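Working notes, structure below.
There are 2 protein chains.
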Amino acid sequence: MIAIDWGTSSVRAWRLGPEGVAAEARAAPLGIMAVPDGDFAEAFTGLVGDWLAEGEGRALLSGMIGSRQGWREAPYLPCPADPALLAQQLLAVPFDGAEIRIVPGLVGADASGVPEVMRGEETQLLGLAHAIGGTGTVCLPGTHSKWATLKEGAIVGSTTHMTGEVFAALRSHTILGRLMSGPAGGGPAFADGVLRSGQPGGLLHHAFGARTLVLLDRMASDQAASYLSGLLIGHEVRSATEGLPAGAAVQLVGAAELCTHYGEALALLGFVAHGPEGDWALAGLRRIGEAIGWL
Amino acid sequence: MIAIDWGTSSVRAWRLGPEGVAAEARAAPLGIMAVPDGDFAEAFTGLVGDWLAEGEGRALLSGMIGSRQGWREAPYLPCPADPALLAQQLLAVPFDGAEIRIVPGLVGADASGVPEVMRGEETQLLGLAHAIGGTGTVCLPGTHSKWATLKEGAIVGSTTHMTGEVFAALRSHTILGRLMSGPAGGGPAFADGVLRSGQPGGLLHHAFGARTLVLLDRMASDQAASYLSGLLIGHEVRSATEGLPAGAAVQLVGAAELCTHYGEALALLGFVAHGPEGDWALAGLRRIGEAIGWL
């Protein structure tokens, strides 16, 4: 079978043998927003047409390709969801020359009943679930960080935190950017920000400190971005780990540098970060492929 | 004496009789950033030159006119500060034809030792302090909301919350704006946002709900701005009132519509909002004028 992780900005494809071994892999900067004229059939043929010609007849796709802006919208399935449920609800895409199925996204609600959605992460999470024994807390840091709870191989629920996007908006579009130079990184200022998140006053007040500390020569301007990053990540981690016992393990999945920073924040706040190595989108596509008998 | 409240975007001037009665008042859109070539002496003469010619010889100025970008920088004084202290530390500005004094801003620290500054608000607060008996909690909502504690006529401390500016940045520079139409106002969506601020998950998670609630048809897109506004104001008010007993009074000073929304949030969270009527910058300038014997 062919496995494809098709996101907003890029696409990756694998040709899998019967045991799920990736015989070939390729990637392209052809995310769903970059497909000319939204002609996904054409883009799909351009990406894996040679594999089809060589006899592959089945393709399993996950990610934003199943969104309203993608090839065909695959309605969200309710949580909890495991590979067997997703396998039953794959969306078939009519295509001359191959059987194509899209993995649906998931919809759930947080503890207060406010909706949560994911699309693409469900496949990564199911790939990871298998590797960590089926149960655990997972954090996928990024523009919109997702925290998910896995139980006995199923995705029970998730919460989204706008941490990366709020950082960018505060830095580029508020007064904070004026006294901020250089990139955000780790180090003492990042740790100061993480620890600040637990003090009284709340995020809207804490953020202003990234200005006043520089204004009154208590922090160098080239440390302010790291401080603000630590502050926001600290607020995210504190909120997302409410209810977890001290010392609990959190699985971090994402870009290496970002996971390092989240690992540092988790350690400062009394949790144990794990960074399991693997390509979890591919692993999840394999698991769903197995569930429908394609592997 | 002449009293002048000279801010970033506008300036207001009063001609006060010996009892502090405002015989004349005028205003101009000539904030410190709008003064041509930074020639503040020229702008001052343009504003009140006729009063000087008629015999006024003393002018007391407050606001951003005393900042590094203003006429002359008046160094911040430490909190706590009362009118007598400020009166001792006024900054004299050399000017041919009048005695000019600028009220300094204040510097303090929040409960965790992070610096806080104000410039202009100290004069409003001292004017208000007199009117409310010298002691109380004051909120000045806005782009950067300030909460101040007054005790026996002195400003004890303050905290700043970036609520208004964060709202603008989230609305205009994050994905939240895409599913948001129309202005922010009061009403049920605002109240929902205020109450949401007390649920688990934290602000970075709660903000994302302004998207998912619309995405899943749980909220109309023309209500999303009010919801986000309520959410941010709710977070601010909860954090700023930590330590206040339930039912405590909060004095609101600022634009009428914004104070109405803050009053609604305070009521929802169990506090009593007061909106004392008055021109507190003028009242504060009067009090300092009295302390230096100009009135």
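First to last, the sequence lines map onto chains A and B.
Residues 7 to 301 (our numbering) are what the first sequence spells out, left to right.
Residues 7 to 301 (our numbering) are what the second sequence spells out, left to right.
All C-beta atoms, glycine included, are put in the ideal place defined by N, C-alpha and C.
Computed from a predicted model, the values in this text were never measured in an experiment.
Could you work out which residue in the options is closest to residue i when comparing CA atoms only?
i               : options                        : result
V172 of chain B : B:P189, B:G188, B:T149         : B:T149
L156 of chain A : A:L134, A:D11, A:G240, A:L36   : A:L134
G253 of chain A : A:A230, A:F277, A:I38          : A:F277
D102 of chain A : A:P251, A:G183, A:A65, A:S227  : A:A65
G142 of chain A : A:G299, A:H280, A:C265         : A:H280
S245 of chain A : B:G140, B:A160, B:Q205         : B:Q205
A307 of chain B : B:G192, B:D223, B:A226, B:L131 : Since the first residue shown for chain B is 7 and the last is 301, residue 307 of chain B is missing from the structure and cannot be characterised.
L146 of chain B : B:D11, B:G260, B:A104, B:P282  : B:G260
I385 of chain A : A:A29, A:P189, A:D88           : With chain A covering 7 to 301 only, the question about residue 385 of chain A has no answer from this structure.
R202 of chain B : A:H179, A:S118, A:K152         : A:S118
G163 of chain B : B:S178, B:P121, B:A175         : B:P121
R292 of chain B : B:L92, B:G13, B:G207, B:A197   : B:L92
S349 of chain A : A:R21, A:I71, A:L96, A:W57     : Residue numbering for chain A in the displayed model covers 7 to 301; residue 349 of chain A lies beyond these limits and cannot be assessed.
L237 of chain A : A:V200, A:Q257, A:G249, A:M225 : A:V200
L258 of chain B : B:Y268, B:E296, B:E25          : B:Y268
E248 of chain B : B:D228, B:W153, B:T266, B:D198 : B:W153
G126 of chain B : B:R21, B:R224, B:I10, B:I138   : B:I10
G63 of chain B  : B:A273, B:L22, B:H136          : B:L22
L6 of chain B   : B:L176, B:C265, B:V123, B:A19  : Lying outside 7 to 301, the shown extent of chain B, residue 6 of chain B is not represented and no answer is given.
A226 of chain B : B:L96, B:F196, B:L58           : B:F196
I181 of chain A : A:R224, A:H136, A:L132, A:A231 : A:A231
A174 of chain B : B:G140, B:Q75, B:D198, B:S235  : B:S235
H136 of chain A : A:A90, A:W300, A:G290          : A:G290
G139 of chain B : B:G159, B:L275, B:I298, B:M124 : B:G159
R184 of chain A : A:M39, A:P194, A:L221          : A:L221
L96 of chain B  : B:Y233, B:A190, B:E128         : B:E128
L176 of chain A : A:L275, A:I294, A:Y233         : A:Y233
R74 of chain A  : A:M39, A:E30, A:V256, A:R224   : A:M39
P282 of chain B : B:W300, B:V144, B:L301         : B:V144
G299 of chain A : A:E25, A:G240, A:G61           : A:E25
A271 of chain B : B:A59, B:H241, B:E296          : B:H241
A29 of chain A  : A:M7, A:P194, A:E48, A:A47     : A:M7
E105 of chain A : A:A47, A:D198, A:A255          : A:A47
A49 of chain A  : A:V27, A:G76, A:E60            : A:G76
S274 of chain A : A:M186, A:D198, A:V27          : One point to set straight first is that residue 274 of chain A is Leu, not Ser, in the sequence displayed. When only C-alpha atoms are compared, the closest one is A:D198.
Would you list the one or two residues that DSSP bridges to residue i?
i               : result
V17 of chain B  : B:W12, B:A34
L67 of chain A  : A:I10, A:I108
A255 of chain B : B:V278
A28 of chain B  : B:L22
L83 of chain B  : B:L112
Is there a Cβ from chain D that is less than 7 Å from the Cβ of residue i?
i              : result
Q95 of chain A : Absence of chain D from the displayed structure is noted, the protein chains being A and B.
Query raised in the report: Should the region 209 to 222 of chain B be called in touch with the region 159 to 175 of chain A, which here means at least 3 C-beta pairs below 8 Å?
Result: yes
Query raised in the report: Residue ranges of each beta strand (DSSP E) run of no fewer than 3 residues wholly in the region 87 to 175 of chain A, ordered along the chain?
Result: 97 to 99, 105 to 108, 112 to 115, 121 to 124, 142 to 146, 151 to 157, 160 to 167
**Report entry** Cβ contact check for the region 194 to 214 of chain A and the region 285 to 292 of chain A: 3 or more pairs under 8 Å
**Finding:** no
Query raised in the report: For the region 82 to 91 of chain A against the region 36 to 53 of chain A, are there 3 or more C-beta pairs whose distance is under 8 Å?
Result: no
Report task. Inspect the CB distances between the region 72 to 80 of chain B and the region 106 to 117 of chain B and report whether three or more fall short of 8 Å. Result -> yes
Query raised in the report: Using Cβ-Cβ distances below 8 Å, what residues of the region 220 to 237 of chain A are close to chain B?
Result: L221, L222, R224
Query raised in the report: Does the region 53 to 71 of chain A come close enough to the region 27 to 38 of chain A that 3 or more CB-CB pairs lie under 8 Å?
Result: yes
Query raised in the report: Listed in chain order, which residues of the region 112 to 138 of chain B have Cβ atoms closer than 8 Å to some Cβ of chain A?
Result: V113, D116, A117, S118, V120, P121, E122, V123
Query raised in the report: Using a Cβ cut-off of 9 Å, which residues of the region 160 to 177 of chain B contact any Cβ in chain A, in chain order?
Result: T165, T166, H167, M168, T169, E171, V172, A174, A175, L176
**Report entry** Residues within the region 180 to 192 of chain B neighbouring chain A, beta-carbon criterion of under 9 Å
**Finding:** T180, I181, L182
**Report entry** Interface residues of the region 207 to 218 of chain B facing chain A [CB-CB below 7 Å]
**Finding:** G207, G208, L209, L210, H211, A213, F214, G215, T218
Query raised in the report: Name the residues in the region 8 to 28 of chain B whose C-beta lies less than 9 Å from a C-beta of chain A; which are they?
Result: none
Query raised in the report: Residues in the region 238 to 256 of chain B with C-beta within 9 Å of chain A's C-beta atoms, listed in sequence order?
Result: L238, H241, E242, R244, S245, A246, E248, G249
Query raised in the report: Just by C-beta distance, which residues in the region 87 to 98 of chain B are closer than 9 Å to chain A?
Result: none
Query raised in the report: Looking at chain B, which residues of the region 257 to 279 of chain A have a Cβ within less than 9 Å of any of its Cβ atoms?
Result: none
**Report entry** Residues of the region 192 to 206 of chain B whose Cβ lies closer than 8 Å to any Cβ of chain A, in chain order
**Finding:** R202, Q205, P206
Query raised in the report: Which ranges does the alpha helix (DSSP H) cover as unbroken runs of at least 4 residues, wholly within the region 193 to 239 of chain A, from first to last along the chain?
Result: 194 to 202, 209 to 221
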